Amino acid sequence: MKLKILYITFTDFGELASGSSVRPFRIYNALVNLGHEVKLLEGQQNRRKERRVKVKEIIDWLDENRPDICYVEPPSGPFFNQIDIRLLKKVHRMGVPIGLFYRDFYWKYPKWAWSDTPWWKCTILIAMHKRDLRVFKKCCDVVYFPSPECIEDFTYVDFKKTAALPPGCIIPSKNIDIGAKEIFYAGGVRDADGVDDLLVALDNVNRKGLNVKLNLITKKTELVHIKNKELLEKDWIKVMEASGEELEPIYEKCDLGIIPRKRHFYMDMAISVKVLECMSHGLPLVSTDCPAMARFIKQNESGIICKEGPENIEKAIVEYYTNDELYHRLIENVKKAALNNTWEKRVEQVINDLLNQ
645 MKLKILYITF TDFGELASGS SVRPFRIYNA LVNLGHEVKL LEGQQNRRKE
695 RRVKVKEIID WLDENRPDIC YVEPPSGPFF NQIDIRLLKK VHRMGVPIGL
745 FYRDFYWKYP KWAWSDTPWW KCTILIAMHK RDLRVFKKCC DVVYFPSPEC
795 IEDFTYVDFK KTAALPPGCI IPSKNIDIGA KEIFYAGGVR DADGVDDLLV
845 ALDNVNRKGL NVKLNLITKK TELVHIKNKE LLEKDWIKVM EASGEELEPI
895 YEKCDLGIIP RKRHFYMDMA ISVKVLECMS HGLPLVSTDC PAMARFIKQN
945 ESGIICKEGP ENIEKAIVEY YTNDELYHRL IENVKKAALN NTWEKRVEQV
995 INDLLNQ
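For what it's worth, our numbering labels the leading residue of the sequence shown as 645, then goes sequentially.
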């Protein structure tokens, strides 16, 4: 059934860089791929004049059109422009079912997230977030979170309905390089990311003669945070900057992805988009036991979970590369898991939820 869908985003689709901006674009593509008629609102809210013009166009469009459902991918921060709240309330008054993805809630932990932010600014931002919550509670039929663990953090809010909506993936178009013994890591290299633990683990692995290489994709300016800088000179590591299409040839030569992140109360609730990006490229994962990611990987039987720390990461890598049955089973499991975790599957979940209120 072809639906008319109002899709509200706060991203400029011409400037896709981070996971928070890629997600709205992937959702849009999935809606179109499924054959739906999509009325799209895009554009960053800090470009206030442009944003107000675009929102006003949608409000005027609603005077003559009634979408079947509305889906919202909000900004990471609060709604800065009152006209966006006005739009959401108008859609609600029309009786159109609304689904909204609640992305981030750093504001609940200001002493951790905003330690360098002036108190007066924190006070204003928290008040705006609480205002948004009241609006979402009243107007939204389903509020989605990245994981069930995130939902637990909001049980005190009487939303009409909540559900988990983790990132999606693309079905792998190519087979991975069997036997490559090359690991893919893209992201930060600060202490919380666990990359120093990974480097020590791989140094030990290679000292034992397993010959495993690491492709470390990060900003060169970030390397100052690495403690074991001497390991960056080893012949088993290649450090590079890459993004977007530049990542494709790197993925293609790897046969394992890795997330060595250290446990943290906030990140424990997150499912990194990297988990699904690796799945999109057919790569099993070695991941530390951050609960939300560990649960997702276990459910899909698509990787190995280990405790944080060099010894545990080393053990997981060795197990993957020395257990031939496990190696091939995980590669096959990733292919099956990708079919069940596409962006189209995420969109179908939203549509089913909103049409069956």
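Positions of the beta carbon are idealized from the N, C-alpha and C atoms, including for glycine. Every value quoted in this text rests on a predicted model; they were computed, and no experiment measured them.
Sorted by chain position, which residues of the same chain lie with C-beta nearer than 7 Å to residue i's C-beta, five sequence neighbours on each side aside?
i              : result
tyrosine 672   : Tyr651, Val682, Leu684
isoleucine 894 : Phe828, Asn859, Ile861, Ala886
serine 662     : Below a pLDDT of 50, predicted positions are generally treated as unreliable, and serine 662, at 48, falls in that range; no measurement from the model is reported.
alanine 807    : Val786, Tyr788, Asp997
isoleucine 948 : Val930, Ala960, Glu963, Tyr964
leucine 678    : Glu988, Val991
histidine 908  : Ala836
alanine 981    : Met923, Asn944, Ser946
What are the boundary residues of the beta strand (DSSP E) that includes residue i?
i              : result
lysine 882     : 881 to 884
tyrosine 715   : 713 to 717
serine 931     : 929 to 932
isoleucine 894 : Isoleucine 894 -> not in any beta strand (DSSP E); alpha helix (DSSP H) instead, spanning 892 to 896.
isoleucine 703 : Unbroken run through isoleucine 703 is the alpha helix (DSSP H), 692 to 706; no beta strand (DSSP E).
serine 906     : Checking the displayed sequence, the identity of residue 906 turns out to be lysine instead of serine. Here lysine 906 belongs to no beta strand (DSSP E), and DSSP marks it neither H nor E.
isoleucine 651 : According to the sequence provided, residue 651 is tyrosine. The question's isoleucine does not apply to it. Here the beta strand (DSSP E) through tyrosine 651 covers 648 to 653.
glycine 786    : According to the sequence as given, residue 786 is valine; it is not glycine. Here the beta strand (DSSP E) through valine 786 covers 786 to 789.
valine 682     : 681 to 685
If residue i and residue j are in contact, beta carbons under 8 Å, what's the gap, nearest whole angstrom?
i              : j              : result
valine 962     : leucine 854    : 7 Å
leucine 954    : glutamate 793  : Note that residue 954 is proline in the sequence shown, not leucine. Not really, about 26 Å apart at Cβ, beyond 8 Å.
isoleucine 649 : histidine 680  : 5 Å
asparagine 872 : aspartate 840  : 5 Å
serine 931     : methionine 937 : 6 Å
lysine 825     : aspartate 933  : Going by Cβ atoms, the distance from lysine 825 to aspartate 933 rounds to 24 Å, so no, they are not a contact pair.
proline 754    : isoleucine 768 : Not really, about 11 Å apart at Cβ, beyond 8 Å.
glutamate 717  : proline 668    : 4 Å
methionine 641 : leucine 706    : There is no way to answer for residue 641, as the model of the chain reaches only from 645 to 1001.
isoleucine 729 : valine 779     : 6 Å
valine 699     : leucine 731    : 5 Å
valine 666     : valine 994     : Between valine 994 and valine 666 the Cβ distance is about 17 Å, and since that is not below 8 Å, they are no contact.
lysine 1003    : glutamate 896  : Since the first residue shown for the chain is 645 and the last is 1001, residue 1003 is missing from the structure and cannot be characterised.
isoleucine 941 : serine 791     : In fact, because the Cβ distance is near 12 Å, the residues do not count as touching under 8 Å.
Among residues of its own chain, excluding the 5 on either side of residue i, which ones have a beta-carbon nearer than 8 Å to its beta-carbon?
i              : result
valine 676     : Val682
methionine 884 : Asn859, Leu860, Ile861, Ile894
aspartate 797  : Phe749, Lys752, Met913
valine 856     : Lys825, Glu826, Ile827, Leu846, Val849, Asn850, Trp880, Ile961, Tyr965
threonine 986  : Ala674, Gly812, Cys813, Ile814, Ile815
isoleucine 870 : Val833, Val839, Asp840, Leu843, Leu876
aspartate 802  : Lys781
lysine 951     : Thr932, Asp933
glycine 823    : Asp899
leucine 974    : Pro928, Glu945, Ser946, Gly947, Ile948, Tyr964
glutamine 689  : Phe654, Arg695, Pro719, Phe723, Phe724, Asn725, Asp728
leucine 809    : Phe745, Tyr788, Phe789, Pro790, Arg990, Gln993, Val994
Starting from the C-beta of residue i, find all residues in its chain whose C-beta is less than 6 Å away, skip the five residues before and the five after it, and write them out in chain order.
i                 : result
proline 741       : Ile713, Asp785, Leu998, Gln1001
methionine 772    : Pro722
glutamate 958     : Ala845, Asn848, Val849
leucine 647       : His680, Asp712
isoleucine 795    : Phe789, Thr806
tryptophan 758    : Cys766
isoleucine 1020   : Lying before the first or after the last residue shown, residue 1020 is absent from the chain, which here runs from 645 to 1001.
threonine 653     : Pro668, Glu686, Glu717
phenylalanine 657 : Phe669, Glu686
glycine 926       : Pro816, Ile820, Val978
What residue range does the alpha helix (DSSP H) around residue i cover?
i              : result
valine 856     : Taken as a continuous stretch (DSSP letters only), valine 856 belongs to no alpha helix (DSSP H), as it is neither H nor E.
leucine 970    : 968 to 984
isoleucine 995 : 987 to 999
lysine 918     : 917 to 924
isoleucine 870 : Note, isoleucine 870: premise wrong, no alpha helix (DSSP H); not H, not E.
glutamate 796  : 792 to 796
Quick check: is any heavy atom of the ligand MG less than 6 Å from the C-beta of residue i?
i           : result
leucine 998 : For the structure depicted, the ligand MG is absent and the ligand set is empty, with no information on it obtainable.
Would you call the region 850 to 868 in contact with the region 828 to 839, where contact means no fewer than 3 C-beta pairs closer than 8 Å? yes
Would you call the region 716 to 729 and the region 690 to 697 in contact, with 3 or more CB pairs under 8 Å? yes
Segment contact, 8 Å Cβ cut-off, at least three pairs: the region 761 to 770 with the region 734 to 746: no
Within the region 714 to 784, ranges of the beta strand (DSSP E) (whole runs, at least 3 residues): 742 to 745
| For the 8 Å Cβ check, are there 3 or more pairs between the region 919 to 927 and the region 814 to 823? | yes
(request) Any chance you could list the beta strand (DSSP E) runs of at least 3 consecutive residues sitting entirely within the region 799 to 832, in chain order? (result) 806 to 808, 826 to 830
Checklist entry - Which parts of the region 942 to 966 are runs of the beta strand (DSSP E), unbroken and 3 residues or longer, counting only runs that do not cross its ends? => result 947 to 950
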